[in-house]
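Same order as they appear, the protein sequences are chains W and D. Residues 91 to 203 in this note's numbering are what the first sequence spells out, letter by letter. Residues 79 to 193 in this note's numbering are what the second sequence spells out, letter by letter. From the three backbone atoms N, C-alpha and C, an ideal C-beta is built for every residue, glycine too. To keep things clear, I will list the structure first and then write my remarks on it.
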Amino acid sequence: AQTVTQSQPEMSVQEAETVTLSCTYDTSESDYYLFWYKQPPSRQMILVIRQEAYKQQNATENRFSVNFQKAAKSFSLKISDSQLGDAAMYFCAYWRSNYQLIWGAGTKLIIKP
Amino acid sequence: DSGVTQTPKHLITATGQRVTLRCSPRSGDLSVYWYQQSLDQGLQFLIQYYNGEERAKGNILERFSAQQFPDLHSELNLSSLELGDSALYFCASSVSAGVGQETQYFGPGTRLLVL
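Set out below in structure tokens:
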């Protein structure tokens with residue numbers, strides 16, 4: 091069965107610095123998609139970035155980038171120049187071929203001013 | 079604002095009761111997804127509807143049911159409620175059948191408290 095593991099329940103970073111959130115997953119599929127979602131205190135789930143498994147190039151979205159290591163089944167999120175508005179829960183998710191998104195337990199990111 | 083609306087925002091009820099949560103997808107989106115998020119946990123996929131038909135089923139209890147209407151709005155019915163059903167229930171929508179590259183847009187959620 092597919093699983094998604096986020097081993098860091100909580101991370102903190104100084105404003106303007108860089109932080110990396112970890113995510114590993116387990117799958118026997120070769121074609122899949124990975125996502126990072128952000129959930130601020132408002133509880134709204136917001137897509138941060140998406141990675142297609144068949145693409146070797148790591149996805150980037152402004153200050154957000156991923157390090158996708160397919161063989162290691164690792165999908166980490168790097169946030170550069172952290173801002174106070176980045177404080178939130180971050181969830182890693184895996185899309186499986188039967189149309190389900192499998193979610194990790196989340197990492198709480200704290201930004202220190 | 080994602081364009082997905084959910085009502086009500088908050089719901090307080092008693093054990094054994096039945097409630098209905100409503101979701102309106104973004105204009106033009108054909109798929110609706112329901113998720114449950116218990117306190118400080120990740121989301122659990124419950125069910126997906128695509129253009130009125132059930133498309134995928136996750137860990138949805140038999141006490142729960144859902145449907146998608148011809149106008150594409152969806153309702154999640156929760157019956158014989160238990161304390162453990164207290165959670166945040168999210169609805170999401172996507173343009174088509176839900177193939178992996180499609181972005182799912184989430185509503186603000188309905189917070190259910192069962193006393």
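Endpoints, beta strand (DSSP E) assigned at W:LYS168: Translated into the one-based positions of the first sequence, residue 168 of chain W becomes position 78. First-last of the beta strand (DSSP E) with W:LYS168: 164-169.
Enclosing beta strand (DSSP E) for W:MET179 [first to last residue]: Taking the first sequence and counting its residues from 1, the one referred to as residue 179 of chain W is at position 89. Taken as a continuous stretch (DSSP letters only), the beta strand (DSSP E) holding W:MET179 covers 178-186.
Rounded distance between the beta-carbons of D:LEU156 and D:ASP163, thought under 8 Å: Position 85 of the second sequence, counting from 1, holds the residue named residue 163 of chain D. Position 78 of the second sequence, counting from 1, holds the residue named residue 156 of chain D. Between D:ASP163 and D:LEU156, the beta carbon gap of about 6 Å places them in contact (Cβ cut-off 8 Å).
Contact set between D:PHE168 and chain W, taken where Cβ atoms lie within less than 8 Å: In the second sequence, the residue the question calls residue 168 of chain D occupies position 90. Ordered by position in chain W, the residues that pass the 8 Å Cβ test against D:PHE168 are MET135.
Proximity of D:LEU150 and D:PRO103 at Cβ, strictly below 8 Å: Here residue 150 of chain D corresponds to residue number 72 of the second sequence, with the count starting at 1. Here residue 103 of chain D corresponds to residue number 25 of the second sequence, with the count starting at 1. Cβ distance < 8 Å, so D:LEU150 and D:PRO103 count as in contact.
W:LYS128, buried or exposed, once every other Cβ within 10 Å from all chains shown has been counted against 16: Taking the first residue of the first sequence as position 1, residue 128 of chain W is located at position 38. It is buried - the Cβ of W:LYS128 has at least 16 other Cβ atoms within 10 Å.
Pair within 8 Å by beta-carbon distance, D:PHE142 and W:GLN190: Locating residue 142 of chain D in the second sequence gives position 64, counting from the first residue. Locating residue 190 of chain W in the first sequence gives position 100, counting from the first residue. Taking 8 Å as the Cβ cut-off, D:PHE142 and W:GLN190 do not qualify as a contacting pair.
Nonlocal neighbours in the same chain, by C-beta distance under 7 Å from D:SER180, ignoring five residues either side: Position 102 of the second sequence, counted from the first residue, corresponds to residue 180 of chain D. In the sequence as presented, Ser is not what sits at residue 180 of chain D; that position holds Glu. Excluding positions up to five away in sequence, the list reads SER172, VAL173 and SER174.
Below-8 Å beta-carbon distance, D:PHE184 vs any chain W residue: Here residue 184 of chain D is taken as the residue at index 106 of the second sequence, counted from 1. Yes, because at least one Cβ of chain W sits closer than 8 Å to the Cβ of D:PHE184.
Same chain only: Cβ atoms within 7 Å of W:GLU107, ignoring 5 sequence neighbours per side: Here residue 107 of chain W corresponds to residue number 17 of the first sequence, with the count starting at 1. By the criterion of a C-beta distance shorter than 7 Å, W:GLU107 is surrounded in its chain by SER172, once the five residues flanking it on both sides are discounted.
Closer than 9 Å at the beta carbon, the chain D residues around W:PHE158: Indexing the first sequence from 1 puts residue 158 of chain W at position 68. Going along chain D, no residue has its Cβ under 9 Å from W:PHE158, so there is no contact; the nearest lies around 14 Å.
Helix, strand or coil at D:LEU191 according to DSSP, with G and I counted as helix: Residue 191 of chain D sits at position 113 when you count from the first residue of the second sequence. Look at D:LEU191 here: in three-state DSSP terms it is strand.
Contact residues within the stretch 178-201 of chain W, judged by C-beta distance below 7 Å to chain B: In the displayed structure, chain B is absent; the protein chains listed are W and D.
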